Each structure stands twice: as structure tokens, then as C-alpha cells.
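To keep things clear, I will list the structure first and then write my remarks on it.
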Amino acid sequence: MTIPQERLRNFSIIAHIDHGKSTLADRLLETTHTIDPRQMTSQVLDSMDLEREKGITIKARAVRLEYTADDGLVYGLNLIDTPGHVDFSYEVSRSLQACECAILVVDAAQGIEAQTLANVHLAMREGLTIIPVLNKIDLPSAQPEVVMEELESILAIPREEVILASAKEGTGILEILEAIVARVPPPKGDPTKPLQALVFDSHYDPYKGVIVYVRLAAGTIHDHDRIRLMASGAEADLLELGYFRPALVPVGTMHAGDVGYVATGLKNVREAQVGDTITTVAAPAAQPLPGYQEAKSLVFAGMYPVSGEDYPLLRDAIEKLHLNDASFTYEPESSVALGFGFRCGFLGLLHMEIVQERLEREFSLDLIASAPSVEYQVLLTHGRGTVEVDNPAHLPAVSEIEEIREPWVRLSVVTPSSYIGPLMELSTNRRGAFVDLEYIDPVRVLMRFELPLAELIVDYYDQLKTRTAGYASMDYEEIGYRAAQLVKLDVLVAGEPVDALSMIVHRDKSVAIGRTLAERLKQLIPRQMFEVPIQASIGANVVARETVRAMRKNVLAKCYGGDITRKRKLLEKQKEGKRRMKRVGSVEIPQEAFLAMLRTDGS
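1338 is the number of the first residue of the sequence shown in the working numbering; add one for each residue after it.
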């Protein structure tokens, strides 16, 4: 059914994790009869197994709803569901640029959280209409009056605009749909002009090639057109175009303001990058649309197959996964300890965990991930410029380094006021600087810190949840690089440096981290038939040492009585054998040793 442009509405749902946006999306799909009730499941837009298991949205999804309003007219509502976790804020920003409206979902029991603020500011920056929805009003602990006051005082949202709802029970869903129709402007764009369609996401289909998700800013597209991607220059004959309901439903034409998909038939997702503009070859547009800033990887780690023979499989798996998730980067690297693998860049630790799990599940691989690190800027001596280092093993020699700079972030934490002390301690122990504190309501505060990203990525989030009994929430943004006293900490096992365990740490913490690491590795490395020394060193200076004792067979068991020289001879023979084994023996380092790197702080 073709719906005129003035009856189209494009909107997104934004919220903090677990405030109920996937459940609200389910109710909207149900109420508009988009999905057959027999096929309805909970979190229907979270189609990945990982999303269902973890209870979070990872990929933004789009779906077209058709709603008959009170005035009897049929409206086309394009919903783009977004993730809530801080690691996936890039997905949120992309989705918001394809919309005119954001439905802000706030938990009536928990109130405003850190990522609620971050997402609202993103939406306001894009100039979107904001429809505030107070969800979970059916909970016994719900405090709608208190939360409406918070929205008014912090975000300047009038309480009369707030819609009270319970996505679980279906309360307030019709009011939300009517508010979208009444408050949201229709999309702009002239359907008679040359085609300009913004690519806001993509995935790879083995039968139809790269399928791009588009928002038409101007012009009209037909299913027989030949298209061109303006940034990459790639051209293709259209295989199919249509809407998401949420399965793919083909149509003959799409007009300015529509959100849908285009099956390009392209075999390489790099030719259809997110943020590119699609136009027709017959009547091309003069200028591409502004597009997006590229996602910047913040966390880097090595991914290696447990068995070296699986390297070609890992390479193919990473290439295929990159087709569906353009926000992670990769390049080949090799390690003396782990063999051939890839250096991958991620948006955060959760993103890294998700990518590793997807590689292991979807492609049946056994992987070892090295310790995560951030990207450092190293200023070289004698004015030879700056190099960027994301792998500690590639850090230049000390004599060549003038200065090392590390990335810093501005961290916002929303917490009950009773936990201010523990959070101050946690952040200052991580070299953080307190910026300011603001009361959201009588019992909750918004705290801001500036701290190095390297201190945040290890286990800051776990510690934050532990120290605040799970009540605190956080959000962060990058604020640039600052110089610091950083050194490379090497780990030697049986005299051999293990490059995958190297790390860049602050000089003041290097000895403590080295000692903790050596102690952990002593417990994790299995005992051999020979003695295994574990050392942590900065250059030639060993700062910590532990020894894994050798397993020792009792060679004197069969000697009872007799001359002492006989016993001594057997012990000397055993000693010589162990010395020989130490020269030729190799030590296998288990995966747990690399995981221990994530917890070197011990705090």
C-alpha cells in the first residue's frame, strides 16, 4: 500500500539499558497488527541468539508499521529500534539521523540514568521531536510523579507531554501512536528531484548480496533502476527493494521520506559503506548527503585461533562478520606466543565480547583473545613525528620515545548519593580527576570525572556495579589525548618474552601490576617436569618474579637401606635430566592467563 509523504512518520526509540524499549517495540508491532499473533515472540526485533540471551539490543533494526489513526487515515510509521548499551552509542547516533522523532523511554521506578541523558543530548543535537514515555508504571516501586519532576528539572520536558505507559501490560500504547501522528512532522524531501538515499546500516545476504538499509532524502527509486554508491563509485542493477515488516516485503517503488531496504547484489560490503549516498545512474544527484562520522575503535585486542590450522577459517569468519558489523576493524598480525591472528579494534569491552562470541558460535571456532589495550600516541625523539600504537609489542625502544600520550574520557555516573564515597575512591585510584557533582533528586546524583580510557576498559564497569549494589549507571565520551608517565611491562615465561601478555601501564603502578600478574600466572600455568620462572620486567629491569615448581618423581622410593652414594647418584641423574628438559621444554600458556590480564587491578 502506497502512503503519501505527508502521512509518513520516522521515529526511533531511545532509552537506558533495560528500561523496556524492546518490549515497547513488541507492543507497537502487536497493536498495529504488523506481525501475525501466531508468530509473535517477546523481543521480536532482537533476532540474534546473543541478544535474547543477554537481554540487550546489539544491532539497530528497522520496521514499517501501518496505523489507522482516530481521523480514519492510514499512516506509515517507520520504527528504528536502537541499542542502549554505551558501547553501541554509534548505532544510536546513526539511527537518529534517519528520523524526525525520538521516543524517550524512562523507567518509572529507576528514573533518569546516565545513558538516558547521553541519548537525549544526541537526539536534541539532531533537532528531533522528543516524545517522553514513562514506562513500567505497573511496578509497585514506580514513582511517576518523582520521575516527571526529574524530566522537567533536568531535561526541561513539560510534564503534560509525558505519556504514562506499561509496555508489559499494553497500557498507553494507543496514546503513544496518536502522539507520533500528531506531534511528529512528516519527512521532508522532494520526490521529483534526483535520488539521494542515505545508507544507515547494511547486512550481507548470500543470495541477494549486500542489503543496505536506506532513508530516502529526495527522489524516487524503482525496482528496475541501476544505482550508484556515490562514495565508493560502485554501480549495480537493483535486485529488490522494499520495507521491513519486520521480514523483507518487496515493493515496486519507494519515495522521498521512506525507510526501507535495497538489495544491491554487490558481493563486498566495503562498496556499500554506512553513511554513503545511493543515487541512480540515469539521473545522478549532484551532491552526496553529509553521511556519518566513521566509528572510531577505542579498544584493541588480538584474536588468535587455538589451533594454527584454523587461521584460514578465522580470516573468512572475520571478513563475513565485518559485512554485518562495519564498526569493528581488523588487520593481520602474528605473535611469537600465539602464532598468526588478527589485531581487532572494538567500540568497547562489551562489543569485543560480542564479536568474540559471535565468531565462536556462528563459525565454530576456538579463539584466544589477548589483553585489550587502547591506542597510544608516541612522540619520537629528534622531531621524527608521532606514531600511533595499539599493540604494546609494537612500542618503540625507550631511547626513541620523547613522550607517550594516552586517550582520556569524560565519564558521567548516575548513582544513589550514599555511594559517592566508594565511587570517588574507585575513580581516583584509576588516576581519575573529579570534575563536578549535581543532584538529580534528593537521593540521586550525577557525578562527572575525567580519567584515562585504559583505566576504564579493564573492569571499571564491574567495579562500579559491585560498589553500588548494581544501582549506578555510566556513560562516557572521548575528550582527546594527554601525556603520561607510561612504560611497557613485559612478561617472561621460562626466560622467553610472551608478546601477547605485554601491556603499557603507568610507571607508578607498574611494580604492583607486575607482581599481581606474576602471582596470577603462577597459579594458572600448569606445573611442568622442570622449574618455570615467571618474570615481569620493564626493559632490562625485572620488577617481579615467581617460580612454578617442578613436578618431581620420588626416585628414591625403591632405595631402602644401602649406601648414601647410590641415592646421591640417582638424585644427580634426575637433576641433570631436568636441566636438559628445561633447555628443550616449552610451556603452554592457557587461555585463563590472558583473561587474568583483565583483572590485574584486583580492586
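Note that the Cβ used here is the ideal one computed from N, Cα and C, for glycine as well. These numbers were taken from a predicted model, which means no experiment stands behind them.
Suppose you measure from the CA of V1945 to the CA of V1411; what does that come to, to the nearest Å? The question about residue 1945 has no answer here: the residues shown for the chain are numbered 1338 through 1940.
Spatial neighbours of Y1818 in its chain, beta-carbon cut-off 6 Å, leaving aside the 5 residues before and after: Q1714, R1742, P1744
Tell me, to the nearest whole angstrom, how far the beta carbon of G1594 is from that of L1553; I am working on the premise that it is less than 8 Å. 6 Å
Just verifying my parser: in three-state terms, what is the DSSP assignment at I1340? coil
According to DSSP, is P1542 part of a helix, a strand, or is it coil? With the sequence shown as reference, residue 1542 is identified as Asp, and Pro is not the correct amino acid for it. The answer is strand: DSSP assigns D1542 an E or B state.
Can you tell me whether L1402 is helix, strand or coil according to DSSP? strand
Buried versus exposed call for V1830 [16 or more other C-beta atoms within 10 Å across all chains shown]: buried
Could you tell me which of L1361, V1746, D1778 sits nearest to G1507, measuring between CA atoms? L1361
Measure from the alpha carbon of Y1667 to the alpha carbon of each residue in K1530, G1676, L1651, L1675, then state which is nearest. L1651
On a Cα-Cα basis, can you pick out the residue from S1634, V1636, I1615, A1619 that is closest to L1626? Ranking S1634, V1636, I1615, A1619 by Cα distance to L1626 puts I1615 first.
Bridge-paired residues (DSSP) for S1503: T1508
Alpha carbon to alpha carbon, how far is L1696 from I1655? Give it in angstroms, no decimals. Distance between the alpha carbons of I1655 and L1696 is about 7 Å.
Within a Cβ cutoff of 6 Å, which residues of the same chain sit near Q1872, ignoring the five residues on either side of it in sequence? Within the same chain, L1829, V1879, R1882 come within 6 Å of Q1872 by CB-CB distance, once the 5 residues on both sides are set aside.
Mark Q1822 as exposed unless 16 or more other C-beta atoms lie within 10 angstroms of its C-beta, in which case mark it buried. exposed
Considering Cα atoms alone, identify which of G1448, A1455, T1466, L1732 is closest to A1435. T1466
What number of angstroms, rounded off, separates the C-alpha of F1348 from the C-alpha of A1820? Distance between the alpha carbons of F1348 and A1820: 42 Å.
For D1938, which residues of its own chain have a beta-carbon under 7 Å away from its beta-carbon, when the five flanking residues on both sides are left out? Confidence is the limiting factor: at D1938 the pLDDT is only 46, short of 50, which leaves the residue's position unreliable, though a coordinate-based value still follows. Answer for D1938: V1795, D1796, listed in chain order.
When DSSP labels each residue in this structure, what does H1561 get in the three-state scheme? coil
Which same chain residues, not among the five before or five after V1518, have their C-beta less than 6 Å away from its C-beta? A1406, Y1412
Outcome for I1494 when other beta-carbon atoms lying within 10 angstroms are tallied against a minimum of 16: buried
Can you grab the Cα-Cα spacing for the pair E1670 / Y1641, in whole Å? 9 Å
Through-space distance from V1735 to S1285, alpha-carbon basis: Because the chain spans 1338 through 1940 in this model, residue 1285 falls outside it and cannot be assessed.
Where in the segment 1704-1779 do unbroken runs of the beta strand (DSSP E), each at least 3 residues long, occur, reported from the N-terminal end onward? The segment 1704-1779 contains these whole beta strand (DSSP E) runs: 1704-1706, 1713-1717, 1723-1726, 1738-1753, 1770-1778.
Terminal residues of the continuous beta strand (DSSP E) containing Q1860? Here Q1860 belongs to no beta strand (DSSP E); instead the alpha helix (DSSP H) covers 1844-1861.
Put I1615 into one of helix, strand or coil per three-state DSSP. strand
Can you tell me where the alpha helix (DSSP H) with L1361 in it begins and where it stops? 1358-1368
Just to confirm, are P1531 and H1592 a CB contact at a threshold of 7 Å? Not in contact: P1531 and H1592 (Cβ atoms no closer than 7 Å).
Could you spell out where the alpha helix (DSSP H) holding L1459 opens and where it closes? 1451-1462
Which listed residue (I1340, F1867, R1905, A1837) has its alpha carbon closest to that of V1885: Among I1340, F1867, R1905, A1837, the Cα nearest to that of V1885 is on F1867.
What residues in its chain sit with their C-beta under 8 Å from that of V1381, if we drop five residues either side in the sequence? Note on V1381: pLDDT 49, under 50, position unreliable in the model; no value is reported.
In the DSSP assignment, the beta strand (DSSP E) including D1444 goes from what residue to what residue? 1438-1444
Separation of H1719 from E1775, as counted between CA atoms: 46 Å
Looking only at its chain, what residues have a beta carbon closer than 6 Å to the beta carbon of D1355, apart from the 5 residues adjacent to it on each side? none
For L1908 versus Y1813, is the C-beta distance shorter than 7 Å? no
Inter-residue spacing [alpha-carbon to alpha-carbon] between F1665 and F1677: 19 Å
Would you mind sorting Y1541 into buried or exposed? The rule is 16 or more other CB atoms within 10 Å of its CB. By the Cβ-count criterion, Y1541 is buried, with 16 or more other Cβ atoms from all chains shown falling within 10 Å of its own Cβ.
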